[in-house]
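**Q**
Residue numbers (UniProt numbering): 1 to 211.
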């Protein structure tokens with residue numbers, strides 16, 4: 001069917017497809033993405049290149065999740081296997097607010113980074129995912145915590161076992177205090193034990209430096 005020309009140029013032009021194209025917004029491709037950085041001076045988004053996505057940190061995909069073992073005030077803890085080193089470790093996913101580390105999380109990372117003692121849980125490394133909100137702490141894995149042992153053992157701890165646990169806790173606290181760190185949340189659930197009976201103090205989200 002032909003379109004009749006009524007002599008009106010406006011109606012005639014209406015039959016033609018519009019050649020006007022909207023100008024693309026340079027920020028539109030970032031509108032639905034949260035894993036971008038912002039320029040503090042101009043406020044414009046900065047795209048993270050693929051080769052710079054993980055920085056110097058390893059990708060969390062290199063760790064195989066085995067099971068969930070607990071949840072703290074600032075994150076969920078999983079038992080994982082390091083596929084590169086073939087080791088069983090603990091992986092803690094941090095809870096971020098608006099893609100920002102909270103004070104408690106910063107305190108925990110700072111405290112674990114500074115501490116190196118046999119009775120302090122060791123932070124192995126920090127790994128990340130593709131999103132800016134995906135930050136994980138890789139720590140040594142301990143099979144038990146004192147709270148669950150107290151609830152599940154058939155008989156109470158012997159006097160020698162209590163002395164052994166208390167002595168290790170005091171050694172760990174002495175190390176913390178000698179480095180001007182106060183734990184402030186010491187309780188049975190924050191005392192881990194490995195299969196060799198070694199006590200490890202954990203959970204530094206409420207620790208405070210005194211200098």
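Glycine residues also receive a C-beta, built at the ideal position from the N, C-alpha and C atoms. Owing to the predicted nature of the structure, the values given are computational and were not obtained by experimental measurement.
Mapping the DSSP letters down to three states, classify residue 176 as helix, strand or coil.
**A** Working through the chain shown from its first residue, we reach residue 176 at position 176. Note: residue 176 maps to helix in three-state DSSP.
**Q** Which residues mark the beginning and the end of the beta strand (DSSP E) in which residue 146 is found?
**A** Reading the chain shown from its first residue, position 146 is the one you call residue 146. Run containing residue 146: none in the beta strand (DSSP E); it sits in the alpha helix (DSSP H), 146–152.
**Q** How would you call residue 121, buried or exposed, if buried means at least 16 neighbouring beta carbons within 10 angstroms?
**A** By 1-based counting over the chain shown, the position of residue 121 is 121. By the 10 Å Cβ count, residue 121 comes out buried.
**Q** Based on DSSP bridge pairs, tell me the residues matched to residue 141.
**A** As a working mapping, residue 141 is identified with position 141 in the chain shown. For residue 141, which the question treats as bridged, DSSP gives no partner whatsoever.
**Q** What residues match up with residue 89 in a beta bridge as DSSP calls it?
**A** For this step, residue 89 is matched to residue 89 along the chain shown. Answer by DSSP bridge pairing, in chain order: 80 and 140.
**Q** Using the rule of at least 16 other Cβ atoms within 10 Å of the residue's Cβ for burial, across every protein chain shown, is residue 67 buried or exposed?
**A** By one-based count along the chain shown, residue 67 stands at place 67. Exposed, since its Cβ has fewer than 16 Cβ neighbours within 10 Å.
**Q** Would you call the region 188–198 and the region 173–180 in contact, with 3 or more CB pairs under 8 Å?
**A** The region 188–198 vs the region 173–180: no contact.
**Q** Mind checking whether residue 146 and residue 193 have CB atoms under 8 Å apart?
**A** Sequence index remark: in the chain shown, residue 146 carries index 146 (1-based). Sequence index remark: in the chain shown, residue 193 carries index 193 (1-based). Going by C-beta atoms, residue 146 is nearer than 8 Å to residue 193.
**Q** Excluding sequence positions up to five away, which residues of its chain have a Cβ less than 6 Å from the Cβ of residue 129?
**A** By 1-based counting over the chain shown, the position of residue 129 is 129. Once the five neighbours on either side are set aside, the close Cβ partners of residue 129 are 60.
**Q** Keeping to the same chain, check which residues put their C-beta closer than 8 Å to that of residue 116; ignore five residues upstream and five downstream.
**A** Here the question's residue 116 lines up with position 116 in the chain shown. Counting only Cβ-Cβ distances below 8 Å, and skipping sequence neighbours, we find 122.
**Q** Tell me the DSSP secondary structure of residue 129 in three-state form.
**A** For the purposes of this step, residue 129 is taken as residue 129 along the chain shown, with counting starting at 1. DSSP places residue 129 in coil when its eight states are reduced to three.
**Q** Can you check whether the CB of residue 62 is closer than 8 Å to the CB of residue 84?
**A** The sequence position of residue 84 within the chain shown is 84, counting from 1. The sequence position of residue 62 within the chain shown is 62, counting from 1. Yes; because the gap between Cβ atoms is below 8 Å, this pair is in contact.
**Q** What is the rounded straight-line gap between the Cα of residue 165 and the Cα of residue 203?
**A** Start at 1 with the first residue of the chain shown, and residue 165 comes out as number 165. Start at 1 with the first residue of the chain shown, and residue 203 comes out as number 203. Their backbone Cα atoms lie some 18 Å apart in a straight line.
**Q** Would you kindly work out how many angstroms separate the C-alpha atoms of residue 133 and residue 87, rounded to a whole number?
**A** The residue you call residue 133 lines up with position 133 of the chain shown. The residue you call residue 87 lines up with position 87 of the chain shown. C-alpha separation (whole angstroms): 25 Å.
**Q** Please go through the same chain and pick out, in chain order, the residues whose beta-carbon is closer than 8 Å to the beta-carbon of residue 119, but skip the five residues on each side of it.
**A** Residue numbering aside, residue 119 sits at position 119 when the chain shown is read from its first letter. Closer than 8 Å at the Cβ level, and outside the excluded window around residue 119, lie 168, 169, 171, 172, 175, 198, 199, 200 and 201.
**Q** Just to confirm, are residue 103 and residue 141 a CB contact at a threshold of 8 Å?
**A** Reading the chain shown from its first residue, position 103 is the one you call residue 103. Reading the chain shown from its first residue, position 141 is the one you call residue 141. Not in contact: residue 103 and residue 141 (Cβ atoms no closer than 8 Å).
**Q** Which one of 93, 110, 82 and 57 has the shortest CA to CA distance from residue 71?
**A** As a first step, residue 71 is located in the chain shown; it is residue number 71 there, counting from the start. Ranking 93, 110, 82 and 57 by Cα distance to residue 71 puts 93 first.
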